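Heads up: the sequence shown runs through residues -19 to -1, 1 to 68, numbered per mature numbering (1 follows the signal peptide of the UniProt record, and there is no 0). All C-beta atoms, glycine included, are put in the ideal place defined by N, C-alpha and C. Quick caveat, the model's predicted, so the values are computed rather than measured. Some notes on the structure that comes next.
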Amino acid sequence: MRCGVVLLVAVLSLGTGAAVPLKETNYDQIQENFDLKKFLGTWFTLANGCDCPEFIKKIEKIVAISKVTLSINEEMNKLIGNYVYDR
């Protein structure tokens, strides 16, 4: 119910023009000496957090551990994540 109300408010605010453009921030700075190729590979998620009871009921029986394999597509200049959910 709570998630539905938040979604409804968000959708209605778009229709009324209440959405305000975000100011440009300088938070997205790249770490010095960051090597993307060292970041690529397989990563595991051991825990997820959420305060929406409906979502928790749906996901707690499905996801114990999730795995993501990160790779890059140099032609399209994109980072690609392939997710696998173990039961």
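For residue j and residue i, the rounded distance between their alpha carbons
| i | j | result |
| --- | --- | --- |
| TRP24 | LEU51 | 8 Å |
| ALA28 | PHE20 | 20 Å |
| GLU47 | ASP16 | Inspection of the sequence shows that residue 47 is occupied by Ser rather than by Glu. Approximately 24 Å, taken between the alpha carbons. |
For residue i, the three-state DSSP class (helix, strand or coil)
| i | result |
| --- | --- |
| VAL15 | It is Phe, not Val, that sits at residue 15 in the sequence shown. Reduced to three states, the DSSP call for PHE15 is coil. |
| LYS4 | coil |
Residue from the options with nearest C-alpha to residue i
| i | options | result |
| --- | --- | --- |
| LEU59 | LYS38, PRO34, LYS18 | The residue asked about is misnamed: residue 59 is Lys in this sequence, not Leu. Out of LYS38, PRO34, LYS18, LYS18 has the C-alpha closest to the C-alpha of LYS59. |
| VAL65 | THR26, LYS38, ILE53, LYS39 | THR26 |
| VAL49 | LYS39, LYS4, GLY62 | GLY62 |
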